[in-house]
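All residue numbers for the sequence shown refer to the numbering used here, where the first residue is 16 and numbers rise by one.
Every residue gets a Cβ at the ideal spot worked out from N, C-alpha and C, and that includes glycine.
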Amino acid sequence: MKTIRPPLSGDAAGTSDLLKRVSRGDLCTGCGGCAGLFPDAIAMRRSTAGFPRPVQVGPLPVGAEATIAATCPGLSLTVEAAGRTDDPMWGPYRRAWTGWSADADQRFRGASGGALTGVLTHLLRSGVVQAIVQNAADPADPMANRTVVTDDPACFPVTAGSRYAPSSPLEALPDILADGRRMAFVGKPCDAAALAAIRARDPKVARAIPVILSFFCGGVPSAQGGAALLAALGVSSDDLARFRYRGNGWPGRATATLTDGSERSMSYRDSWGQVLSRHVQHRCKICADGTGMAADIVCADAWEVDDAGYPLFEEEAGRSLVLARTVLGEQIARGAERAGRIYLETFDMAQLMRIQPGQRDRRRGLRARLLALRLLGRPVPAYRGLNLRAVGRQNGPVRNIRNFMGTLKRALRR
Ligand SMILES: Cc1cc2nc3c(=O)[nH]c(=O)nc-3n(C[C@H](O)[C@H](O)[C@H](O)COP(=O)(O)OP(=O)(O)OC[C@H]3O[C@@H](n4cnc5c(N)ncnc54)[C@H](O)[C@@H]3O)c2cc1C
Ligand code: SF4
Ligand code: SF4
């Protein structure tokens, strides 16, 4: 397993006109795409707010602005149904299942059912790809993430599970291309969208990364969010050996392992609901695609929830939603099932509104939120093909007014 470009520290400085617009609107997702495309000109650094942000470190080559305009998910995001079932809320897809890894250890360690890790095992073992770009804890800072390239499923115990901390996987693009192997990529929906846009412009990248996998994403908390979680657990960073945000059960507890081997932990409801969700970046609050519409396969929690979106159980055997969005995704999921890597059961998409209330309500309120920001002259991403008008109508006038006013107040306070 190879670590790629650990994040640097420092403050963001002025950059290209488009990156200035992203910065002015606080629209950066932290994907690292601009830095991966122009590594001599742009580097990702941790901002004072605790998120990875691009900093211009050299002159941009001719044509760079057009490339950034077409690929940065802070500026725009386009979804094309291209003949697939286009659910107004959940986007284009071909097949929906619930599923889990057939490997009991992967199922246990995974964030939900370990289905993503099961699919990755199939991709490697069957030779569809030769390596995987994914995420793991940073050994130098167990609360933070690093991007890794794995070519052996024996590494998956380290990479499985959701890590609610910033990651910039596309910063690794030069290393991925230099590596020369055919890879699958796992990233947040905004990472997947940026990569798909980059692939559409560059056949080299399309050849190097033929498979994109993602997961539903409710938002990324800052490094300060991680620090607040550690403080809530009563743990000093000096005593911290390892940290798991989730997994080892479903949903699994946020667990700090100390240097003396003892553990302190907190439920998913408390760690996410009371601490981490309060540190999510602005771009996530106006995210039109938290469900990985650009990915071949996307996984999520397939659980029964209360009104706030928290599971109705303490711990259960994990179960992932597995959504094949493309023909390739469907072939891979079916292939993984045939190879005995994952179990799949047909899923009724009508259930998704109920089990993903966070995603549902964010999409429904988005048009009103964007309107408030536009009214204040704040930059917002240009969303195309995301059915925002249709889902906004589902919100009803009262909620739309509430979403509009809430965003207006927050934006004026910022
Ligand atoms: C920030 C964040 C927000 C999420 N929000 C939601 C949500 O609103 N609703 C929902 O249903 N699910 C959400 N999830 C996804 C969910 O927790 C599971 O990842 C998903 O159910 C798949 O589980 P699995 O067991 O199949 O995946 P696993 O087998 O556990 O595999 C997870 C994969 O994701 C990668 N990964 C983990 N964290 C990151 C990260 N920060 N950046 C990039 N890659 C990463 C891992 O390296 C691994 O490859 C979120 C995950 C994250 C990281
Ligand atoms: S969203 Fe991604 S591509 Fe856009 S500025 Fe941020 S890191 Fe760069
Ligand atoms: S909520 Fe949207 S913008 Fe934020 S990290 Fe997730 S996919 Fe990216």
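Would you say the beta carbon of GLU93 comes nearer than 7 Å to a heavy atom of ligand 2?
The sequence as given places Thr at residue 93; Glu does not occur at that position. It does not: the Cβ of THR93 is nowhere closer than 7 Å to a heavy atom of ligand 2.
Three-way DSSP call (helix, strand, coil) for TYR325 in this model
coil
Would you say ASN415 and GLY407 are within 8 Å of each other, going by their C-beta atoms?
yes
Starting from CYS232 and walking both ways along the beta strand (DSSP E), at which residues does that stretch end?
No beta strand (DSSP E) holds CYS232; DSSP gives it neither H nor E.
Please name the residue in PRO103, ALA111, ARG393 whose C-alpha comes closest to that of MET364.
ALA111
Near ligand 4: THR165 beta-carbon under 7 Å from a heavy atom
No copy of ligand 4 occurs in the structure displayed; its ligands are ligand 1, ligand 2 and ligand 3 alone.
Boundaries (first-last residue) of the beta strand (DSSP E) holding ILE437
Residue coverage of the chain in this structure runs from 16 to 429, which leaves residue 437 outside it and unanswerable.
How far does the beta strand (DSSP E) with LEU92 in it reach, from first residue to last?
91-93
What are the start and end residues of the beta strand (DSSP E) that includes CYS314?
312-316
Three-state secondary structure (DSSP) at ALA28?
Note that ALA28 scores a pLDDT of 38, beneath 50, so its modelled location is shaky and nothing firm can be said.
Distance check for HIS294 and PRO5, CA to CA, integer angstroms please.
Since the displayed the chain opens at 16 and closes at 429, residue 5 lies outside it and no answer follows.
Taking the beta carbon of VAL77 as the centre, do at least 16 other beta carbons fall within 10 Å, making it buried, or is it exposed?
exposed
Since TRP115 sits in a beta bridge, which residues does DSSP pair it with?
TYR358
Would you list the residues whose beta-carbon is nearer than 6 Å to any heavy atom of ligand 3, in the order they occur in the chain?
THR44, LYS203, PRO204, CYS205, CYS232, GLY234, VAL235, ARG298, CYS299, CYS302, GLY305
Taking the alpha carbon of PRO103 as the reference point, which residue from VAL134, ARG404, LEU228 has its own alpha carbon closest?
ARG404
Just the C-alpha distance for PHE328 and ASP156, rounded to the nearest angstrom, thanks.
31 Å
Candidates TRP105, ARG124, TYR179, of which the one nearest CYS170 by Cα
ARG124
Rounded to a whole number of angstroms, what is the C-alpha to C-alpha distance between SER62 and SER38?
11 Å
Name the residue from GLY324, ARG216, ARG36, VAL342 whose alpha carbon lies nearest to the alpha carbon of GLY98.
VAL342
Nearest CA to the CA of VAL143: which residue from TYR108, VAL320, ARG196?
ARG196
Helix, strand or coil for PRO103? Go by DSSP, reduced to three states.
coil
Per DSSP, what are the beta-bridge partners of PRO236 in this structure?
VAL295
Go to VAL201, then tell me how far its beta strand (DSSP E) extends in each direction, as first and last residue.
198-202
Consult DSSP for THR306 and reduce its assignment to one of helix, strand or coil.
coil
What first and last residue would you give for the alpha helix (DSSP H) that runs through ILE347?
342-353
Nearest residue (CA-CA) to ARG353, options GLN371, GLY133, ILE370, LEU291:
GLY133
Identify whether ILE370 lies in helix, strand or coil by the three-state DSSP scheme.
helix
So, for THR113: in the same chain, excluding its five sequence neighbours on each side, which residues have a beta-carbon less than 8 Å away from its beta-carbon?
GLY128, ALA317, ARG334, SER335, LEU336, VAL337, LEU359, GLU360, PHE362
In whole angstroms, what separates the C-alpha of LEU192 from that of GLU186?
12 Å
Given that a residue counts as buried once 16 or more other Cβ atoms are within 10 Å of its Cβ, and exposed if not, what is SER251?
exposed
Do you know how far the Cα of PHE200 is from the Cα of ILE224?
7 Å
Shorter than 7 Å, the distance from the beta carbon of PRO76 to the closest heavy atom of ligand 2, or not?
no
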